[in-house]
Every structure is written in structure tokens, then in C-alpha cells.
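K.L.:
Chains as they are written, first to last, in my numbering: chain A, 1 to 125; chain B, 1001 to 1125; chain C, 2001 to 2125; chain D, 3001 to 3125; chain E, 4001 to 4125; chain F, 5001 to 5125.
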């Protein structure tokens, strides 16, 4: 960790994550890989409102990402949970179920999830 | 698989699963292992209505079980989803998100989940 | 295990697996779940000859299934490896790499893979 | 499950597991796969007394198998734990740590571990 | 990696890890999530001396963390192993079993574990 | 991330990874852990040409690393794939199969794999 980086505004972690994500997703889609394009497309469709509403789907996305211990997936779904209007108590309750199911091995990812949620909250102001 | 077993009524798979589960849970709780007792206790509390309702929590339980590829956990949450009043379309939509997140490696578990849901439906009549 | 079942011809394990797989896949596709249909469709397309040939793709499917410890996926790809013309020595070498990567935790799945390969060989005669 | 099989003595689950394991291990070793042979050889050496004693090593083998949710590996190490002289309270305490680390997703495997330990105890009489 | 950060004393990696861990654990506990509080509480209790001694429990914690490939969990248990008086040979032997069980996929985590153990040793002087 | 680090030439990510990897591998081998030495030795042997050629083996190594979501393992095998003469289209097709098998949870690792492949390409010029 760089001491200079820590002087930059907090919002950067959210921006940094989203910018890297967008940049690399574009490169992946720019390749001629049809299977990858379709998986990305499915990913967009799967989380749209259907028989389940967006809030429920995003909580599923968040908790599955947490038990599978994928920090980037957790970050992505935390932001989408916030956009869907879910509040801190609901997020924490969902993440507590995921931690129980996935075990204490999930805790390091929970720490980073709490940190990122705070950053989303402060960047949203 | 035994050809005689196949002549028994379908409801047995649900009953058989629940009986084995209850019998072994009792043995686990009968041991003097305090940590295990508390984990079992937490498991009961975590899925009660709170900031999230029971339906949402059971869908989280179901999908996390599916991406972690635990057939017994899937069966358990499928029954609790049915008791919570979730319908087939909602279950299938949740499971389709889990399959997308967890990949085609989830499909064998999805097959058994579809089969067990059918058995729950026919045993519920 | 049923002593009567053991008197049935060996070929049944291959047939039994394929019949259950087909029956449940049909039920999954008969549901109106668009995401699941598309994942199944992608699965078919991904393993067709492209920049890599079918043999290589099936070896990838087999070894990824083995490190992820999915018995049903291993069975499915073992049969497709055989149809692609891969021989026992090639299969075993691929599986030895998967066992090294995935660790001794893979060995119980390796045992079942060896058994199923034998059954595929004897059912193919 | 076959109703006839259930009439056979309980000891059979231990014998059945060990016989299948031995039979398939022999077939794996009979193949000319040098990498697999060496992995099997390492597996034997790694659990011999060294800087850590056999009891500690077997508890490591048991708990790692449990968090990785490998029933066959759990069975194998339960028998070796018994042979190493570990008692039920020690086994249960080790398994409670593994369940905490691995989460409630471990519980179905814990049930089968408790069942197998009972069978080892009764077969040892 | 920042070239300035590399000029800071080595001990910082241990301190940095522990400070972040403490800071975020406090935030998690400051939330009103009862399930999370209880899991954290269980985690403390589970590793206290009981039917198994602290050394054995910490080796279980270390190896389970390694096969589950959780760097932060490995770091945490390495420090607790050191505090419990385990020496380098014992740690390495335990980690070699974990690498065999979990496969070569564990090796990148093993590298970081060796590095962190060195840092613990030098920070302890 | 440090703003100064970003001014260093891109090739550094490849060099940095390889240097850290070599340095720590040497330390691991310098310990007297026979099991670890043998696993490292097996790892070298397993990827040599045999019944399968080096290209196929490296694609197996790459895809197994990707579904197991091990960034460092992916980097290592991407470089070996390049040395084996595999081209971008072949790599992408192999990785698309891995993403389908392992699910969208693989995507963050796919982003880093695309980035590293680019760096390998530019460092190779």
C-alpha cells in the first residue's frame, strides 16, 4: 500500500474498481469470443425484474458472491444493491446469512465488503 | 439403485431425507460439543424474519447452497421455500441465477433440485 | 447398495446415468426459464470444434470437472472424450495433471472416473 | 436404498468403503501413470510421524477433508484417527472447528461423519 | 506496488494486517448484526484449549485456511501458531500436508505464507 | 495502487510476478520439507510432453487454474501457453470454456487474465 494513495479521496476505490472493470470488460467483448459475449449478455438479463424483483435478485447475487469468496463480485453487487434501494440493515442481515453458510473463511471478505459499503455510502453523498 | 426401492411411493425421498437428517442432527446435538450446538442454534435464528422476510432469506439459502453444490442443503431449503409459499417460477428463476453465477458445474445439482421440487410438490398434495 | 442391482449388466451404469441426465434435462428445458435454456445452448456450442479441436476441448471439460470434483460432469466428459477418439493413456495423463493441480482431495473422484471409463470401454464393445 | 441391503450387518459400510477404495486404488496404480503413482506415494509418506505426530497429522487430514467437503476423504481419515487412538471427544472437537471454518454447508458431511464414526466404533468391537 | 512502501520496515506487513483486521472487526461488531457477533464469539471460543490443545487447534486452523486458500486466514493462524510456540519445522510440515491435500493450486498461498512467517519471525525479535 | 508505480513500464507486472515467484519458490525449496520438494518436482514433470503434447497440457493447466480462480496460477500458465506457441484466439476460446464451466464468478479472474496476456504480448516484443 502506498502512503500517497491513502491521501486520495475515499471515493476513488469505487471509481477505481468501476473503471478497471469497464476497461477490461470492453477488451473482453472486443475479442471475437462469442461464448464470452453471450455469458456477459446473460449476466445483464438474469438480474432484471422478472418473477423475482431486482432487490431479491441482487441479494442473491451478493450472497452467492460472498460464499464463493469473490471480492470483485461482492463489490459489484453491493453497488447494485445500493442502487436498488436496499439499506444497510438489509445488506448486513443478508451477509450474516452468507457468513453462517460459508463459515468463518468468509470473514476476510466480509471485512472488505463492510469497507466497500462505507465507501459507496460516502461516494453517494 | 435397487429395483425394489423404485416401487416405493415417490414421497419417500422427501421423508427419507428428513428422517435421516433428524436422526443424525439429534446425535450431533446429543454429543457434548458446545460449538456445534451453537452453530445449529444460529442456523435456526438466521432464517427467521428480520430486516429481510423469510421468502428472501430462503431464496438466499437455496441459491448459496446451489452455487456451493451441496445437494442436501438444496433439498432442505427447497422444502423451506415451499413452506414459505414461493412458487415454481420464482424457484426456477432463483436457481437460474445461481447456475449462471456458479457455472455449468452446477447443472447436475440443478437436475436433482428439479427432481426434489417435483417430489415436494407431489408429496404436498 | 442393493445386491440385486449388482447382478444387472455393467453397461447399466452408463445407460442409467445418460437416461437420468436426459430425463431431467428435458424437464429443465420444459420449464420456461430462458436463462437456463441459453446456458444449456451455450454448453453445446462451446465444445464444438473452433480454434481448438474437439479432443482438446473435451480434455479441458474433463479436467476442469475433475478439479471442481463434479462426478456427473466427469462422467459426461469421459464419454465425450471416448467419442472424440481419445485413448486410455491420454485420459489418464490428463487426469493425473488434474489430480496434481486439485490435490489428493480429487482421488475419490479419480477412482469413480477410472471405474466409469472401464464401463464405457466394456459398454462400447 | 435397498431394503435388503439394510438387513446386512452395519460393519459392511466400513468394509464396503475400504474394499472399493482398495480395488480402485489398485487399478489406478496398475495404469502406467507415473504422476499418479508418485502422488499416492507422497500421500502415504506425508502422514507418517515427523516433526508432528500421527494424531496431529490425522486431525489435519480429517478437518481439511471436512472443510473441502469430501465424504470419502473424511471416512478414510476417521478410520486412521481411530487407529491413532484419538477418542470421540477429540474427533468431535476437531470437527466442530472445521464446521465453524467451513460453515453450515459442512453440516451434511458432518452427519455422515458422525454416522461413519459410529460404524467404525461398532465394527471395532 | 509502491516503491515508497518498500522502504518502510518489514514489520509493517504484520502490523498493517492486524490493524486493518482490528479496525474492520470493530465496525462489523458495531453493526447490530447478532448472527455476526455470535459467529465472532464462537470463533474465539473454538480455538481455546479443550479436548485438544491450542497447538493442535491452531494447526487445524492453519491447514484448513490453506486448503481453502484464504490468505488472510492463513496469516491470522500463522501468528497464533507462533504465539502457541510452534516452530518453523512443524509449521512447514503441516503446510506440506495441506499442499498435498489441496493440490498445486495451494502453492501461491504457500509462497505468501512462507513470506509472512518470515515477517512474523523478524518482527518478533 | 500507487501513482508512482503506474509510471513504471508495463513489462514490470510480468517481471514482478516472476521474480516474486522465483524468490519464494527458492525459499520453499531451501526448507527441508521433502513433501513440498517432491510436489514441486512433480509439477515440472507433469507438464512435459508425453501422451499429450505441451500445448494441450498448458491449456489444461490454464483452464483448471481459471475455474479454481487462482490468479497466480493463471498468470504462470498464460506465460507457458505463450512459450508453447498458443495464439490469442486459442487462449480466449479455452478461457471461454472455463468461464462457462466455472460461471460468472470466474469473470474478475478473466479480466486479470486478459490484462496479463496483453502484458505478456507487449513484453515479448
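For glycine and all other residues, C-beta sits at the position ideal for the given N, C-alpha and C.
(1) State whether the region 4088–4106 of chain E contacts the region 5012–5019 of chain F, with contact taken as three or more CB pairs (one from each stretch) at a distance under 8 Å.
(2) When you check each C-beta in the region 92–118 of chain A against every C-beta of chain B, which residues fall closer than 9 Å?
(3) Looking only at C-alpha atoms, which of E:4080, E:4025, E:4036, E:4102 sits nearest to residue 1046 of chain B?
(4) Using 8 Å as the limit for Cβ to Cβ distance, is residue 3081 of chain D near chain C?
(5) What does residue 5039 of chain F touch in chain E if you count any residue whose Cβ is under 7 Å from its own?
(6) For residue 4083 of chain E and residue 2077 of chain C, I'd like the C-alpha separation in whole angstroms.
(7) Report the neighbours of residue 5029 of chain F on chain E: residues whose CB is nearer than 9 Å to its CB, in chain order.
(8) Once DSSP output is grouped into helix, strand and coil, what is the label at residue 2050 of chain C?
(9) Compute the beta-carbon to beta-carbon distance between residue 3105 of chain D and residue 1073 of chain B, rounded to the nearest angstrom, for a pair I have assumed lies under 8 Å.
(10) Give the DSSP-derived three-state secondary structure of residue 3085 of chain D in the structure shown.
(11) Within the 8 Å Cβ cut-off, does residue 2060 of chain C reach chain B?
(12) Since residue 4068 of chain E is in the alpha helix (DSSP H), which residue starts that stretch and which ends it?
(13) Would you mind sorting residue 2023 of chain C into buried or exposed? The rule is 16 or more other CB atoms within 10 Å of its CB.
(14) Shorter than 8 Å from the beta carbon of residue 2026 of chain C to some beta carbon of chain B?
(15) Please name the residue, chosen from E:4069, E:4061, E:4066, that lies closest to residue 4081 of chain E on a Cα-to-Cα basis.
(16) Quick one: which chain D residues come within Cβ less than 7 Å of residue 1019 of chain B?
(17) Could you work out which residue in F:5119, F:5124, F:5113 is closest to residue 25 of chain A when comparing CA atoms only?
(18) Would residue 1056 of chain B and residue 56 of chain A qualify as a contact pair, given that the criterion is a beta-carbon distance under 8 Å?
(19) Rounded to a whole number of angstroms, what is the C-alpha to C-alpha distance between residue 3069 of chain D and residue 3116 of chain D?
(20) What would DSSP say about residue 2043 of chain C, mapped onto helix, strand or coil?
(21) Are residue 67 of chain A and residue 1067 of chain B close, meaning C-beta to C-beta below 8 Å?
(22) Can you tell me whether residue 2005 of chain C is helix, strand or coil according to DSSP?
(23) In chain A, which residues lie with their C-beta within 9 Å of the C-beta of residue 2049 of chain C?
(24) So, with DSSP's three-state summary, where would you put residue 3022 of chain D?
(25) Where residue 5118 of chain F and residue 2051 of chain C are concerned, what is the direct C-alpha to C-alpha distance, given to the nearest angstrom?
(26) DSSP on residue 4055 of chain E, reduced to helix/strand/coil?
(27) Determine whether the Cβ of residue 2045 of chain C lies closer than 8 Å to any Cβ atom of chain A.
(28) So what does DSSP say about residue 119 of chain A, is it helix, strand or coil?
(29) Any beta carbon of chain E sitting closer than 8 Å to that of residue 5036 of chain F?
(30) Please report how far the alpha carbon of residue 1058 of chain B lies from the alpha carbon of residue 1109 of chain B, in whole angstroms.
(31) Using DSSP with H/G/I as helix, E/B as strand and the rest coil, what is residue 2096 of chain C?
(32) Run the CB neighbour count on residue 1065 of chain B, radius 10 Å, all protein chains shown included, and call it buried at 16 or more, exposed below.
(33) To the nearest angstrom, how far is it from the Cα of residue 1086 of chain B to the Cα of residue 1121 of chain B?
(34) Helix or strand or just coil, what does DSSP make of residue 61 of chain A?
(35) Starting from the beta carbon of residue 78 of chain A, find every residue of chain F whose beta carbon is closer than 9 Å, and list them in chain order.
P.N.:
So, from the listed chains and residues:
(1) no
(2) 92, 93, 94, 96, 97, 98, 100, 101, 102
(3) E:4036
(4) no
(5) 4099, 4100, 4104
(6) 48 Å
(7) The contacting residues do not exist; residue 5029 of chain F stays about 11 Å from chain E at best.
(8) coil
(9) 6 Å
(10) coil
(11) no
(12) Per DSSP, residue 4068 of chain E belongs to no alpha helix (DSSP H) and is neither H nor E.
(13) exposed
(14) no
(15) E:4061
(16) Going along chain D, no residue has its Cβ under 7 Å from residue 1019 of chain B, so there is no contact; the nearest lies around 11 Å.
(17) F:5113
(18) yes
(19) 15 Å
(20) helix
(21) yes
(22) Bear in mind that the predicted position of residue 2005 of chain C carries a pLDDT of just 47, short of 50, making it too unreliable to give a figure here.
(23) Within 9 Å Cβ-Cβ: nothing; residue 2049 of chain C doesn't reach chain A, min ~14 Å.
(24) helix
(25) 19 Å
(26) helix
(27) yes
(28) helix
(29) yes
(30) 17 Å
(31) helix
(32) buried
(33) 12 Å
(34) helix
(35) Result: empty, since nearest Cβ-Cβ is about 14 Å, beyond 9 Å.
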